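Notes for the one structure printed next.
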Amino acid sequence: DAGVIQSPRHEVTEMGQEVTLRCKPISGHDYLFWYRQTMMRGLELLIYFNNNVPIDDSGMPEDRFSAKMPNASFSTLKIQPSEPRDSAVYFCASSLLWTGGLYEQYFGPGTRLTVT
Amino acid sequence: EDKVVQSPLSLVVHEGDTVTLNCSYEVTNFRSLLWYKQEKKAPTFLFMLTSSGIEKKSGRLSSILDKKELFSILNITATQTGDSAVYLCAVGVANDYKLSFGAGTTVTVRA
Numbered sequence: 871d872a873g874v875i876q877s878p879r880h881e882v883t884e885m886g887q888e889v890t891l892r893c894k895p896i897s898g899h900d901y902l903f904w905y906r907q908t909m910m911r912g913l914e915l916l917i918y919f920n921n922n923v924p925i926d927d928s929g930m931p932e933d934r935f936s937a938k939m940p941n942a943s944f945s946t947l948k949i950q951p952s953e954p955r956d957s958a959v960y961f962c963a964s965s966l967l968w969t970g971g972l973y974e975q976y977f978g979p980g981t982r983l984t985v986t
Numbered sequence: 125e126d127k128v129v130q131s132p133l134s135l136v137v138h139e140g141d142t143v144t145l146n147c148s149y150e151v152t153n154f155r156s157l158l159w160y161k162q163e164k165k166a167p168t169f170l171f172m173l174t175s176s177g178i179e180k181k182s183g184r185l186s187s188i189l190d191k192k193e194l195f196s197i198l199n200i201t202a203t204q205t206g207d208s209a210v211y212l213c214a215v216g217v218a219n220d221y222k223l224s225f226g227a228g229t230t231v232t233v234r235a
């Protein structure tokens, strides 16, 4: 299996521009998570999906952030308009549900976003 | 609010030393505790500890869970430079599928 795939790996954009991050989860996994990691705040959960449905978006910082999962193999995280404080590494992770709870989450390589 | 605290924040050791990392937690309806290793890329899974599995071992790494005292320890014996990384602890709760991560412990192993 190729693992979780994210694109782009690096993104540099100017303040005010729209940014779209993409994720392909591991095939068969029914949970997908979007995280943001910074030195100051560590690894923060933004939103997660189950079977393509958003379950908890309480971590989404503000209305400038939106996420979609149109099918089981694709999700996007969009920031519009972007601001310098959005600069971070954004990770996507996927997992599988078993009767005792979730299996471990598998992380993608991340997208390093720099907003100037 | 769920709380996961790791200590120390960082440490430097020499090859061959033993390292002990701590993770304490305060959550409602604990279900699982996970350890991840993060080098300059994505976190990679090490162990999951639950009520039915409070001790895990893989090679030079081992971990225990103390559900009474609400903490976990990750031990690395005979450290190597390849063990240099940030080690993250995360806790999951029942009836929810998200993880709460600690700030991590940065381990530097010098040759």
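Quick note, the sequences are listed as chains A and B, same order.
Here the first sequence is numbered in this note's numbering, starting from 871 and rising by one per residue.
Here the second sequence is numbered in this note's numbering, starting from 125 and rising by one per residue.
We treat Cβ as the ideally placed atom computed from N, Cα and C, and that holds for glycine.
The structure presented is a predicted model; accordingly, all values stated were derived computationally and were not measured.
Exposed or buried, residue i, counting other C-beta atoms within 10 Å across all chains shown (16 or more means buried)?
i	result
M909(A)	exposed
T986(A)	exposed
Under a three-way DSSP split, which group does residue i fall into?
i	result
R955(A)	helix
G206(B)	helix
Q222(B)	Note that residue 222(B) is Lys in the sequence shown, not Gln. Looking at K222(B) - three-state DSSP - the assignment turns out to be coil, as it is neither helix nor strand.
R934(A)	coil
D926(A)	strand
S175(B)	coil
Q975(A)	coil
S943(A)	coil
Between residue i and the rest of its own chain, which residues show a CB-CB distance below 6 Å, the 5 nearest in sequence each way excluded?
i	result
Q948(A)	Checking the sequence shown, residue 948(A) turns out to be Lys, not Gln. Same-chain partners within the cutoff: T890, S936.
L966(A)	H899, Y973
L185(B)	I200
V210(B)	Q162, G228, T230
A214(B)	L158, L223, F225
Leaving aside the five residues before and after residue i along the sequence, list all residues of the same chain whose C-beta is less than 8 Å from its C-beta, in chain order.
i	result
S182(B)	L170, F171
R234(B)	V136, V137, H138, E139, T205
N922(A)	M939, P940, N941, A942
Leaving out five residues on either side along the sequence, give the residues of the same chain with a beta carbon under 7 Å from the beta carbon of residue i.
i	result
I925(A)	Y918, F919
Next item on the list: Could you run through the region 200-225 of chain B and flag, in chain order, every residue whose CB is less than 9 Å away from some CB of chain A?
Entry: Per Cβ criterion, the list reads L212, A214, G216, A218, D220, Y221, K222, L223, S224, F225.
Next item on the list: Note down, in chain order, all residues in the region 152-169 of chain B with a beta-carbon under 9 Å from any beta-carbon belonging to chain A.
Entry: Taking 9 Å as the Cβ-Cβ cut-off against chain A, the residues of the region 152-169 of chain B that qualify are R155, S156, L158, Y160, Q162, K165, A166, P167, T168, F169.
Margin query: Going residue by residue through the region 886-910 of chain A, where are the continuous beta strand (DSSP E) segments of at least 3 residues, counting only ones entirely within it?
Written below: Here the runs fully enclosed are 889-894, 901-908.
Notebook entry, point to check: Going along the chain, which residues of the region 895-907 of chain A sit with their C-beta nearer than 8 Å to a C-beta in chain B?
Noted result: The region 895-907 of chain A vs chain B, Cβ under 8 Å: Y901, F903.
Next item on the list: Go through the region 140-168 of chain B residue by residue and report every complete run of the beta strand (DSSP E) that reaches 3 residues or more, in order.
Entry: The region 140-168 of chain B contains these whole beta strand (DSSP E) runs: 143-150, 154-162.
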